[in-house]
Amino acid sequence: MKLIDGKKIAENIRMEIKTEVARLIDDDDKTPHLAAVIVGEDPASQTYVAGKEKACKSVGFQSSVYKLPENTSEKELLEIIMFLNKDTEVDGFIVQLPLPGHISEEKVIQSINPSKDVDGFHPANLGRMISGLPAYLPATPYGIVQLLERYNIETEGKHCVVLGRSNIVGTPVSILLSRKASPGNCTVTVCHSKTKNIKEWSASADILIAAIGQTEFVTADMVKDNAVVIDVGIHRVPSTETKSGFRLKGDVKFDEVAKKCSYITPVPGGVGPMTITGLLQNTLKAYKKEIYG
Ligand code: GUN
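Spelled out as structure tokens, the structure:
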């Protein structure tokens with residue numbers, strides 16, 4: 238079994254970005270600038286946004302965060318998005334999800350200018366991705382594809398089973414891995430809450446992507462010998478062994494599944510660091526006007 242070290246790959250890519258940024262700002266004194274909008278006090282969202290700010294600093298990007306109270310109206314949020322759409326100082330921005338229940342996520346995502354949508358959630362970017370056109374790829378699927386690529390994991394002709402069909406991970410990664418590309422060219426099965434015999438599908442996977450959002454859902458009996466297992470889950474579970482009082486677990490029961498795999502991503506240190514890296518890569522593309530000219 239080989240551990241896929243997402244932390245190391247993410248660091249390597251961030252070094253590449255840092256070097257490129259240093260070179261680019263020699264020619265142009267403006268630095269790439271990522272903005273994030275967060276509504277409310279959700280602790281996981283606050284942690285993600287703080288991680289994004291830290292990552293920006295580490296590669297020489299400028300970052301700014303708009304922290305809005307829980308009771309912000311949809312109209313007020315849309316006004317801030319309109320402002321960021323026009324702000325020439327900002328290359329790309331994200332609105333952290335989930336949003337409070339009184340705000341329509343769909344409306345918010347659709348109001349973002351696709352050329353600044355570095356999350357890749359706008360229908361224009363999803364449509365471009367499906368058509369094989371240059372697009373901002375959603376950060377987690379982008380990170381997963383890069384892990385497969387950098388570990389030289391063969392995907393062509395393989396059966397890839399994706400557990401979960403979210404707009405953020407399951408659906409886009411299923412599209413990326415089935416496209417005519419490398420990595421890609423997989424036969425992809427998407428399993429979800431209505432799938433019958435999920436264990437059998439899962440156990441038939443050469444590449445298993447667990448993005449189902451349930452702690453340690455994938456057990457050893459659900460994994461084929463020598464499968465490649467990519468764990469997208471991040472769950473805080475109480476622990477008496479850590480100072481913080483919790484530890485992170487994934488969607489995969491790591492200890493028993495790892496023994497059967499050819500490759501596996503750990504949690505933490507697998508897919509997680511690659512997600513923020515994907516966002517940095519998209520922001521650099523926005524700065525260079527690579528997708529929309
Ligand atoms: N919430 C969980 N993951 C993400 C993400 O990648 N982007 C945004 N905007 N919100 C999220």
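In terms of the working numbering, the sequence shown is residues 238 to 530. Every residue gets a Cβ at the ideal spot worked out from N, C-alpha and C, and that includes glycine. Being a predicted model, the structure only gives us computed values, none of them experimental.
Own chain, CB closer than 7 Å to residue i, minus 5 neighbours either side, in chain order
{"i": "K245", "result": "none"}
{"i": "I317", "result": "V274, Y303"}
{"i": "I346", "result": "F358, H359"}
Cβ-heavy atom distance, residue i to the ligand GUN, below 7 Å
{"i": "I390", "result": "no"}
{"i": "T408", "result": "no"}
{"i": "V345", "result": "no"}
{"i": "I435", "result": "no"}
{"i": "L315", "result": "no"}
{"i": "I328", "result": "In the sequence under discussion, the amino acid at residue 328 is Asp, which differs from the Ile named in the question. Answer for D328: no, Cβ out of range of the ligand GUN."}
{"i": "Y285", "result": "yes"}
{"i": "I405", "result": "yes"}
{"i": "T512", "result": "yes"}
{"i": "V332", "result": "yes"}
{"i": "A376", "result": "yes"}
{"i": "D356", "result": "yes"}
Beta strand (DSSP E) segment containing residue i, residue limits
{"i": "G329", "result": "329 to 332"}
{"i": "S300", "result": "299 to 305"}
{"i": "T424", "result": "424 to 428"}
{"i": "G273", "result": "Looking at the sequence itself, residue 273 is Ala, so the reference to Gly does not match. 270 to 276 is the span of the beta strand (DSSP E), which, as asked, contains A273."}
Residue i, DSSP secondary structure in three states
{"i": "L321", "result": "helix"}
{"i": "T479", "result": "coil"}
{"i": "L336", "result": "coil"}
{"i": "K486", "result": "strand"}
{"i": "V466", "result": "strand"}
{"i": "K239", "result": "strand"}
{"i": "Y500", "result": "strand"}
{"i": "D210", "result": "There is simply no residue 210 to check, as the chain begins at 238 and stops at 530 in what is shown."}
{"i": "R473", "result": "strand"}
{"i": "V406", "result": "coil"}
Same chain only: Cβ atoms within 8 Å of residue i, ignoring 5 sequence neighbours per side
{"i": "K353", "result": "L321, N322, V327, D328, G329, F330, A523"}
{"i": "T479", "result": "none"}
Endpoints, alpha helix (DSSP H) assigned at residue i
{"i": "Q518", "result": "508 to 524"}
{"i": "I435", "result": "435 to 440"}
{"i": "I444", "result": "Taken as a continuous stretch (DSSP letters only), I444 belongs to no alpha helix (DSSP H), being part of the beta strand (DSSP E) at 444 to 447."}
{"i": "G421", "result": "From DSSP, G421 is part of no alpha helix (DSSP H); its letter is neither H nor E."}
{"i": "Y285", "result": "280 to 296"}
{"i": "A457", "result": "A457 -> no alpha helix (DSSP H), and no H or E assigned at all."}
{"i": "G530", "result": "Counting along the chain, G530 falls outside any alpha helix (DSSP H), and DSSP gives it neither H nor E."}
{"i": "D492", "result": "491 to 495"}
{"i": "I346", "result": "342 to 348"}
Close Cβ partners of residue i (< 6 Å) along its chain, the five nearest in sequence each way excluded
{"i": "T452", "result": "H472, K486"}
{"i": "C498", "result": "M238, A464, V466"}
{"i": "L261", "result": "none"}
Subject >> Length-filtered (4 minimum) alpha helix (DSSP H) runs lying within the stretch 369 to 396 >> reply: Taking only runs of at least 4 residues, the alpha helix (DSSP H) segments lying wholly in the stretch 369 to 396 are 376 to 387.
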